[in-house]
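S.K.: Residue numbers for the sequence shown, in the numbering used here: 1125 to 1771. Using N, Cα and C, we set each Cβ at its ideal position, and we do this for glycine too. All figures in this text were calculated on a predicted structure; none of them were measured in a lab.
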Amino acid sequence: MNEMMKTCGCNDGEGCGQVFRAGDSMAGHDLRRQDWLMAVRFAVAAGLAFAGWMFGEGWEGVACYAAAYVVAGGHVMAAAARNVLRGRVFDENFLMTVASLGAFYLGEYAEGVAIMLFYLVGEHLQERSVAKSKQSISSLMQLRPDTARVRDAEGHTREVPAAEAVPGDCLLVHPGERVPVDGVVLEGVSSLDTSSLTGESLPREVSVGDEVLSGCVNLSGVLAVRVRKRWEDSTAARVLEIVQASAERKTKLENLITRISSWYTPCVVAAACLLAVLFPLLGDVSWAEGLRRGVILLVISCPCALVLSIPLTFCAAIGRASRLGILFKGSAFVDALNRVRMVAFDKTGTLTEGDFEVSEVRAWPPFSRKDILFVAASLEAVSPHPIARSIVRAWSGSRELERVEDGKVVAGKGVCGMLKGRFVMVGKASWLQEAGVVLQADDKEDGSVVVELAVDGVYAGRIKLADRMRGAAPAVVDFLRGAGCELAVLTGDTVVAGQYVARRLRIPTFHTNLLPDAKVSCLELFQRRLGGKGYVAFVGDGMNDAPVLTRADIGIAMGGLGSDVAMEAADVVLMANDLSKLPIAFGLAQHARRLVRQNIWLIAGVKGVVLAMGVLGVATTWEAVFADVGVSILASLNALRGFARFG
């Protein structure tokens, strides 16, 4: 963004780039102070110009016009001079200075002052527009508390900078305070406001053992929190880093304008000089008229409207998204969503809740259903998989689970080990069949996750687990289908489970029994099929899908709150575990593209018409000023329009 502003000339604290520097924000009192300064400067310059008009063409009038010119445009002339000394001759400040001095040379004092006066107003309004677009982003800076209360072993507390809290420290978080760093609740019960991270309005209840994330506001009780991560590794720090760095990852259109701007201004100056010389030499035009047309060309041709309005639109989109718990890692990914032609979903935890519950237990003699659940829970206790945790949670018997010897988790297949001297396998049917186990047929295929169990190579029973469909899934799929996207499901689950979900959502393409590398292969197949005519997006949970999230043209991670893997692998992070945020992300991208196109047509149309009029000698300097400053203001205001309706 800053590079783009330099090509426009606004790189010294003046002009359109002033408040676009990463991490900057303009407080309300600073804005009000700038408003007053601009109003005073405008009033003084306008008053002096009016006095000059009253005095007429005498020296008093010229002196008043000159004073008005210095008040309105002295900072522009100073910036142009500094840039010339630094070797950056051709910028917006230079264009405005040459054009206004040219008007003075022609004796059009009022027009010369008007160029600087309206440029002053336009410059200020553009800065206000940029500041407004950054309000959502700059408000994220509040996520970072300055201090943390550390409680020592004797119970004494002291305040330290939040950045000095280290893993293992015990922090006290009082009501109304933000959680300084990521941690786990040791004592207390409270509610946390997570809206600044997730965009969710409902508080989250936490108690002992629950994870709490930096940036959340404690609403009620005092919490004692054990630090899990340093500040620089915490969730709030990562969010701030992503949002602040997003301005550096520009769209193709922004990069194109940056390249064009480097040679555009010198060409405009050369064209103005040729116009001022050739018309008097080749036509029935005076030198003064030729110079006037050259001045008009300089005023009209300033590229600031385009250079500002396009990044401003994407900045507004990213800012609004961040307030809704959607993190774009750059404007390039906002724009890229508009090119998505296929969306592939993970199933478990994305299209479904991912919170499994045991729905059925079947046993074959000599085992009972209670035996099957006990043995399976004992083995699954060694696995971190969500299905394993659900089976362990389902065991409610009085007996404590047995300790498994030589327990082994086989990725994507199941768990095996020795239990009371007998070899037990719990996992997928295909895995047990590979080991020579003869399975019993399942007479009811309902899309449930099926875990088979064998003892000493003999089939013993099965456990079925149900995973509820997300309530938002049908609406999200219908939205994407209506947007013209092809849809697919890529899952490591069984054919029956994958087919069940795909059919319920009317998704024609589904691939099942996929390990992570197989998901990547399927995604690459989709990309080759599109042949560069669109992007393939993948939506996953961010924890188990890092390889495919990274390989996708657009990786979208759900439930990324607190997940380092999601933050690193995905291009777009839905901080809350809420699939309904996906259409909002697409809607923001579509709205941003629509505004960019409107601004390009507006700027090109108005400037093209006035430029043609200026070359033909029909346009006045006043019209040229509107074609530059007026259109810049309109484009900037349009760039911010309509984002508030999302969410």
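Answer with buried or exposed for Arg1769, where buried requires no fewer than 16 other C-beta atoms within 10 angstroms of its C-beta.
M.R.: So Arg1769 ends up on the exposed side.
S.K.: What are the boundary residues of the beta strand (DSSP E) that includes Glu1216?
M.R.: No beta strand (DSSP E) contains Glu1216, which is instead part of the alpha helix (DSSP H) from Glu1216 to Tyr1229.
S.K.: Find the nearest neighbour of Thr1389 within the set Ile1450, Cys1426 and Ala1642, judged by alpha-carbon distance.
M.R.: Answer by Cα proximity: Cys1426.
S.K.: Strictly by DSSP, which residues pair up with Gly1659?
M.R.: Reading the sequence as shown, one finds Tyr at residue 1659 and not Gly. Tyr1659 is bridged to Val1464.
S.K.: Between Thr1674 and Arg1594, which are expected to be in contact by the criterion C-beta below 8 Å, what is the C-beta distance as a whole number of angstroms?
M.R.: That belief does not hold up - the Cβ atoms of Thr1674 and Arg1594 are roughly 24 Å apart, past 8 Å.
S.K.: Which residues in the same chain as Arg1546 place their Cβ atom closer than 7 Å to its Cβ, once the five residues preceding and following it in sequence are excluded?
M.R.: Excluding residues within five positions, the ones whose Cβ falls inside 7 Å are Val1579 and Asp1580.
S.K.: For Asn1762, which of helix, strand or coil comes out of DSSP?
M.R.: DSSP places Asn1762 in helix when its eight states are reduced to three.
S.K.: Would you list the one or two residues that DSSP bridges to Leu1497?
M.R.: Per DSSP, none; premise fails for Leu1497.
S.K.: Determine the direct distance from the alpha carbon of Arg1362 to that of Val1216, and round the result to whole angstroms.
M.R.: The sequence given here places Glu at residue 1216; Val does not occur at that position. Answer to the nearest angstrom: the Cα atoms are 36 Å apart.
S.K.: Work out the CA separation of Asp1293 and Ala1277 for me, nearest whole Å.
M.R.: Rounded to the nearest angstrom, the two C-alpha atoms are 10 Å apart.
S.K.: May I ask which residues mark the beginning and end of the alpha helix (DSSP H) holding Met1737?
M.R.: Note, Met1737: alpha helix (DSSP H), Lys1705 to Val1739.
S.K.: Using C-beta distances below 6 Å, list every residue in its chain close to Asp1148, excluding the 5 sequence neighbours before and after it, in chain order.
M.R.: The predicted model places Asp1148 with a pLDDT of 45, which falls under 50 and marks its position as unreliable, so this point remains unresolved.
S.K.: With burial defined as no fewer than 16 other Cβ atoms inside 10 Å of the residue's Cβ, what is the status of Trp1160: buried or exposed?
M.R.: The residue is exposed, with fewer than 16 neighbouring Cβ atoms inside 10 Å.
S.K.: Drop a sphere of 10 angstroms on the beta-carbon of Leu1430, count the other beta-carbons inside from all chains shown, and report buried for 16 or more, exposed for fewer.
M.R.: With 16 or more other Cβ atoms within 10 Å, it is buried.
S.K.: If we count the other Cβ atoms within 10 Å of its Cβ and call it buried at 16 or more, is Lys1471 buried or exposed?
M.R.: Looking at its Cβ environment, which holds 16 or more other Cβ atoms inside 10 Å, Lys1471 is buried.
S.K.: Report yes or no: do three or more beta-carbon pairs, one from the region 1305-1317 and one from the region 1336-1349, lie closer than 8 Å?
M.R.: Segments in contact, yes.
S.K.: Exposed or buried, which one is Cys1428 when buried takes at least 16 other CB atoms within 10 Å?
M.R.: Looking at its Cβ environment, which holds 16 or more other Cβ atoms inside 10 Å, Cys1428 is buried.
S.K.: If we count the other Cβ atoms within 10 Å of its Cβ and call it buried at 16 or more, is Ile1757 buried or exposed?
M.R.: Classification of Ile1757: buried, given that the 10 Å Cβ count is 16 or more.
S.K.: Output the residue ranges of the alpha helix (DSSP H) runs that lie fully inside the region 1391-1476 and measure 4 residues or longer, sorted by chain position.
M.R.: Counting only runs of 4 or more, we get 1411-1424, 1428-1447 and 1455-1460.
S.K.: Could you tell me whether the region 1699-1709 touches the region 1494-1504, where touching means 3 or more Cβ pairs closer than 8 Å?
M.R.: Because the criterion of three Cβ pairs below 8 Å is not met, the region 1699-1709 and the region 1494-1504 do not touch.
S.K.: Within the chosen definition, does the region 1192-1210 reach the region 1233-1240 through at least 3 CB pairs nearer than 8 Å?
M.R.: A contact exists between the region 1192-1210 and the region 1233-1240.
S.K.: Just verifying my parser: in three-state terms, what is the DSSP assignment at Glu1232?
M.R.: Looking at Glu1232 - three-state DSSP - the assignment turns out to be coil, as it is neither helix nor strand.
S.K.: Using 8 Å as the cut-off, can you tell me whether the region 1654-1663 makes contact with the region 1627-1635, which would need three or more C-beta pairs spanning the two stretches below that distance?
M.R.: Touching, no.
S.K.: Of all Cβ atoms in chain D, is any one closer than 8 Å to the Cβ of Glu1335?
M.R.: In summary, chain D is missing from the structure at hand, where a single protein chain is found.
S.K.: In whole angstroms, what separates the C-alpha of Gly1622 from that of His1635?
M.R.: In a straight line, the C-alpha of Gly1622 is about 7 Å away from that of His1635.
S.K.: Quickly, what does DSSP pair Asn1342 with across the bridge? List them, please.
M.R.: Per DSSP, Leu1316.
S.K.: With H, G and I counted as helix, E and B as strand and the rest as coil, what does DSSP make of Gly1560?
M.R.: Three-state result, Gly1560: coil.
S.K.: Put Lys1588 into one of helix, strand or coil per three-state DSSP.
M.R.: Looking at Lys1588 - three-state DSSP - the assignment turns out to be strand.
S.K.: What does Pro1285 pair with, by DSSP beta-bridge criteria?
M.R.: According to DSSP, which records beta bridges pairwise, Pro1285 is partnered with Thr1271.
S.K.: For Pro1671, which residues of its own chain have a beta-carbon under 6 Å away from its beta-carbon, when the five flanking residues on both sides are left out?
M.R.: If we look at Pro1671 and ignore the five residues flanking it on each side, its Cβ neighbours are Pro1640 and Val1644.
S.K.: Exposed or buried, Ala1272, counting other C-beta atoms within 10 Å across all chains shown (16 or more means buried)?
M.R.: It counts as buried.
S.K.: Going along the chain, which residues of its own chain have a beta-carbon closer than 6 Å to the beta-carbon of Glu1329, five neighbours each way excluded?
M.R.: Excluding positions up to five away in sequence, the list reads Ser1315.
S.K.: In three-state DSSP terms, what is Ile1678?
M.R.: In the structure shown, Ile1678 sits in a strand (DSSP, three-state: E or B).
S.K.: Using C-beta distances below 8 Å, list every residue in its chain close to Arg1493, excluding the 5 sequence neighbours before and after it, in chain order.
M.R.: So the list reads Val1485, Arg1486, Ala1487 and Gly1585, once near-sequence residues are dropped.
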